[in-house]
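Asker: In our numbering, the protein residues as written are 1 to 44.
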Amino acid sequence: MNCLLDTHAFLWFVNDHYSLGAAARDTIEDERCLVYLSAARHLW
1 MNCLLDTHAF LWFVNDHYSL GAAARDTIED ERCLVYLSAA RHLW
């Protein structure tokens, strides 16, 4: 399974933030999941 994390989800995951739900955390931690990170960009 492939998982694409946006910046918020990634930061919530690495900081163990309450905003990331249990199902999302379980999916990210699943060894069958290949996690990709979508980098944030400022355009101004």
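Idealized CB from N, CA, C, for every residue including glycine.
(1) What residues are listed by DSSP as bridge partners for Leu34?
(2) Inspect the beta-carbon positions of Phe13 and Leu4 and report whether they are closer than 9 Å.
(3) Please report the distance separating the alpha-carbon of His17 from that of Arg25.
(4) How about Leu37 and Thr7: do their beta carbons lie closer than 9 Å?
Answerer: Once the coordinates are examined:
(1) Here the question's residue 34 lines up with position 34 in the sequence shown. Note: Leu34 sits in a beta bridge opposite Asn2.
(2) To locate residue 13, count along the sequence shown from 1; it is residue 13. To locate residue 4, count along the sequence shown from 1; it is residue 4. Their beta carbons are not under 9 Å apart, which means Phe13 does not touch Leu4 by this criterion.
(3) To locate residue 17, count along the sequence shown from 1; it is residue 17. To locate residue 25, count along the sequence shown from 1; it is residue 25. Straight-line Cα distance between these residues: approximately 10 Å.
(4) Here residue 37 refers to the residue found at position 37 when the sequence shown is read from its first residue. Here residue 7 refers to the residue found at position 7 when the sequence shown is read from its first residue. Yes, the Cβ-Cβ distance between Leu37 and Thr7 is below 9 Å.
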